[in-house]
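If you're matching them up, the sequences are chains A and B in order.
Here the numbering used here is used: the first residue of the first sequence is 62, the next is one more, and so on.
Here the numbering used here is used: the first residue of the second sequence is 3, the next is one more, and so on.
Everything below concerns the one structure shown next.
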Amino acid sequence: RIEDVRARRQRFEEAGTTIIREPGRVITQERGQTFLRHDENARFARFGAPISQERRGGEIWTTWARPGGGQLVSVTDLDGRLLRRIRRPAGGGEHVIVDNGWRRPRHGVRPVIVILPPIEMLNPGELTILNDGHEAETFSSTWSLGPVVPLDQVYELDQVRFSPSLRSRMRAVELGGISFDTGSWALDQADLNALSLVASAIQSVLGASPNEIFLVEGHTGRGGNEIDNLSLSDRRAEAIAEVLTQMGIPPENLVVQGYGDTVP
Amino acid sequence: DDRILIRRITPLLA
């Protein structure tokens, strides 16, 4: 529960940045902006121990054997920040399924936020909300749509992750059937039933296009404090991703992020 | 409100 996490938080100040460490997560506050990061490799523990881990310059390459053949490589920087995810199919070859840039000589802890003009045509009514009346096809068809307005360029993962105006270029499905107890990220049986529909919808998208990346976003209401909300929303989004993976969605096709009480 | 959203983001990514 979030109370247990809160009790184990440690706070540091470092050159104008506040760094908050808690189990599994680091939260940084700088120039009025707050970012949460978690261990991007944690969900790959499902594959068992890595078959190799090596340092290459400023990068750490961790490789897992995937059940059913092939390999997954996760490349991070020395602080554990995700740089690339690479899939090596059993038949040979290599696909970079996530490229998070970070190769230029710049940046401290802050990702570059991209601000695009708001989208006039996108209103809340266009959000597809999961409920009992929906079929899996409703979601897979929402996910198969392209950006709501044309894009001039493509971006690094963290730009997409931390830029609301970029994310809003792609339509989201809201999981209306999922509820959490206050301060908790546990899921109950009713949640699991609702998630099996989501898993089959993602499965059908991946069946046609296996390298698609889905962002699982956690959001909370305004009550409570900002840091608790960030942590809680990230843990809930991760819990959803874990269940989807138990239901057959490869963990490397998912990216998880909690946004706390900021507006989705 | 507590919400979970899932978005396919591949078209935005390099």
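Heads up, the beta-carbon is just placed ideally off N, CA and C, and yes, glycines get one too.
Because the structure is a prediction, the values reported are computed rather than measured.
Can you list the residues of chain B that isoleucine 274/A reaches, using a CB-CB cut of under 8 Å? Numbered from 1 along the first sequence, position 213 holds the residue referred to as residue 274/A. Neighbours of isoleucine 274/A on chain B, chain order: Arg10, Ile11, Thr12 and Leu15.
Of all the options Ala255/A, Val234/A and Val221/A, which has the alpha carbon lying nearest to the alpha carbon of threonine 199/A? As a working mapping, residue 199/A is identified with position 138 in the first sequence. Minimum Cα distance to threonine 199/A is reached at Val234/A.
Could you tell me the distance, in whole angstroms, from the CA atom of alanine 269/A to the CA atom of aspartate 322/A? Counting from one through the first sequence, the residue named residue 269/A turns up at place 208. Counting from one through the first sequence, the residue named residue 322/A turns up at place 261. Straight across, the Cα-Cα distance linking alanine 269/A with aspartate 322/A is about 35 Å.
Close beta carbons around leucine 143/A, own chain, < 6 Å, minus the five adjacent residues each side: By one-based count along the first sequence, residue 143/A stands at place 82. Glu101, Thr137 and Asn161.
May I ask you to verify whether the stretch 260-274 of chain A touches the stretch 297-310 of chain A, counting CB pairs closer than 8 Å and requiring at least 3? By the C-beta criterion, the stretch 260-274 of chain A is judged to be in contact with the stretch 297-310 of chain A, since at least 3 inter-stretch pairs fall below 8 Å.
Do valine 51/A and valine 317/A have their C-beta atoms within less than 8 Å of each other? For residue 51/A there is no data in the structure shown, the boundaries of chain A being 62 and 325.
With a cut-off of 8 Å, do at least 3 Cβ pairs link the stretch 285-293 of chain A to the stretch 215-233 of chain A? The stretch 285-293 of chain A, when compared against the stretch 215-233 of chain A, does not touch it at the 8 Å Cβ threshold.
Let me know the secondary structure DSSP gives glycine 4/A once reduced to three states. The question about residue 4/A has no answer here: the residues shown for chain A are numbered 62 through 325.
Listed by chain order, chain B residues near proline 208/A by CB distance under 9 Å: On the first sequence, residue 208/A is found 147 positions in, with the first residue counted as 1. The answer, in chain order, is Pro13 and Leu14.
Closest to isoleucine 239/A by C-alpha separation, out of Ser245/A, Ser224/A and Ala255/A, would be which residue? Residue numbering aside, residue 239/A sits at position 178 when the first sequence is read from its first letter. Here the closest residue by C-alpha is Ala255/A.
Cβ atoms of isoleucine 158/A and asparagine 272/A: under 8 Å apart, would you say? Here the question's residue 272/A lines up with position 211 in the first sequence. Here the question's residue 158/A lines up with position 97 in the first sequence. The answer is yes: Cβ separation under 8 Å.
Between the CA atoms of serine 202/A and isoleucine 80/A - distance to the nearest angstrom: Against the first sequence, residue 80/A aligns to sequence position 19. Against the first sequence, residue 202/A aligns to sequence position 141. In a straight line, the C-alpha of isoleucine 80/A is about 41 Å away from that of serine 202/A.
Output needed for glutamate 74/A: all residues of its chain with C-beta closer than 8 Å, excluding positions within five of it in sequence on either side, in chain order. Start at 1 with the first residue of the first sequence, and residue 74/A comes out as number 13. Contacts found: Ile80.
Go through the stretch 100-157 of chain A residue by residue and report every complete run of the alpha helix (DSSP H) that reaches 4 residues or more, in order. Counting whole runs of 4 or more residues, the stretch 100-157 of chain A contains no alpha helix (DSSP H) stretch at all.
Kindly list the residues whose CB is nearer than 6 Å to the CB of valine 87/A, restricted to its own chain and excluding five residues on each side of it in sequence; keep chain order. Here residue 87/A refers to the residue found at position 26 of the first sequence. So the list reads Arg98, once near-sequence residues are dropped.
Determine the DSSP secondary structure at glutamate 273/A, reduced to helix, strand or coil. Taking the first residue of the first sequence as 1, we reach residue 273/A at position 212. Residue state, collapsed to three classes: coil.
For the beta strand (DSSP E) containing isoleucine 88/A, list its first residue and its last residue. For the purposes of this step, residue 88/A is identified with residue 27 of the first sequence, where counting begins at 1. For isoleucine 88/A, the uninterrupted beta strand (DSSP E) run begins and ends at 86-91, by DSSP.
Nonlocal neighbours in the same chain, by C-beta distance under 6 Å from arginine 82/A, ignoring five residues either side: Position 21 of the first sequence, counted from the first residue, corresponds to residue 82/A. Within its own chain, the residues whose Cβ lies closer than 6 Å to the Cβ of arginine 82/A, once the five positions on either side in sequence are excluded, are Gln71, listed in chain order.
Mind listing which residues of the stretch 137-164 of chain A have their C-beta closer than 8 Å to chain B's C-betas, in chain order? From the stretch 137-164 of chain A, only Val159, Asp160 and Gly162 have a Cβ closer than 8 Å to chain B.
In three-state terms, what does DSSP make of phenylalanine 223/A? Taking the first residue of the first sequence as 1, we reach residue 223/A at position 162. In the three-state reduction of the DSSP assignment, phenylalanine 223/A falls in the helix class, which pools H, G and I.
Using the Cβ count rule (16 or more neighbours within 10 Å means buried), how would you classify arginine 167/A? In the first sequence, residue 167/A corresponds to position 106, counting from 1. Because the pLDDT at arginine 167/A is just 49, under 50, the model does not fix this residue reliably, and the value given afterwards should be weighed accordingly. Exposed.
Alpha-carbon to alpha-carbon, glycine 77/A and glutamate 115/A: For the purposes of this step, residue 115/A is taken as residue 54 along the first sequence, with counting starting at 1. For the purposes of this step, residue 77/A is taken as residue 16 along the first sequence, with counting starting at 1. It is roughly 33 Å from the alpha-carbon of glutamate 115/A to the alpha-carbon of glycine 77/A.
Please compile the residues from chain B whose C-beta is within a distance smaller than 8 Å of the C-beta of alanine 247/A. Residue mapping note: residue 247/A aligns to position 186 of the first sequence, counting from 1. Neighbours of alanine 247/A on chain B: none; closest Cβ ~13 Å, over 8 Å.
If I'm right that isoleucine 63/A touches glycine 244/A with Cβ under 8 Å, what's the distance once you round it to whole angstroms? Within the first sequence, residue 63/A is the residue found at index 2, counting from 1. Within the first sequence, residue 244/A is the residue found at index 183, counting from 1. Contact between isoleucine 63/A and glycine 244/A holds: CB atoms are separated by about 4 Å, below the 8 Å threshold.
For a cutoff of 8 Å on Cβ pairs, would you count proline 185/A as touching chain B? Sequence index remark: in the first sequence, residue 185/A carries index 124 (1-based). Per-residue confidence for proline 185/A stands at a pLDDT of 44, beneath the threshold of 50, marking its modelled position as unreliable; the derived number appears in the next sentence. Any Cβ of chain B closer than 8 Å to the Cβ of proline 185/A would place that residue at the interface, and such an atom is absent.
Show which residues of chain B have a CB atom less than 7 Å away from the CB atom of methionine 308/A. Within the first sequence, numbered from 1, the residue matching residue 308/A stands at position 247. By Cβ distance, chain B contributes nothing, its closest Cβ being about 13 Å from methionine 308/A, past 7 Å.
Out of Glu91/A, Gly93/A and Leu236/A, which has the shortest C-alpha to C-alpha gap to isoleucine 6/B? Start at 1 with the first residue of the second sequence, and residue 6/B comes out as number 4. Per the Cα distances, Leu236/A.
With glycine 279/A and serine 294/A assumed to form a contact (beta carbons below 8 Å), what rounded beta-carbon distance in angstroms separates them? In the first sequence, the residue the question calls residue 279/A occupies position 218. In the first sequence, the residue the question calls residue 294/A occupies position 233. About 3 Å separates the Cβ atoms of glycine 279/A and serine 294/A, confirming a contact at the 8 Å cut-off.
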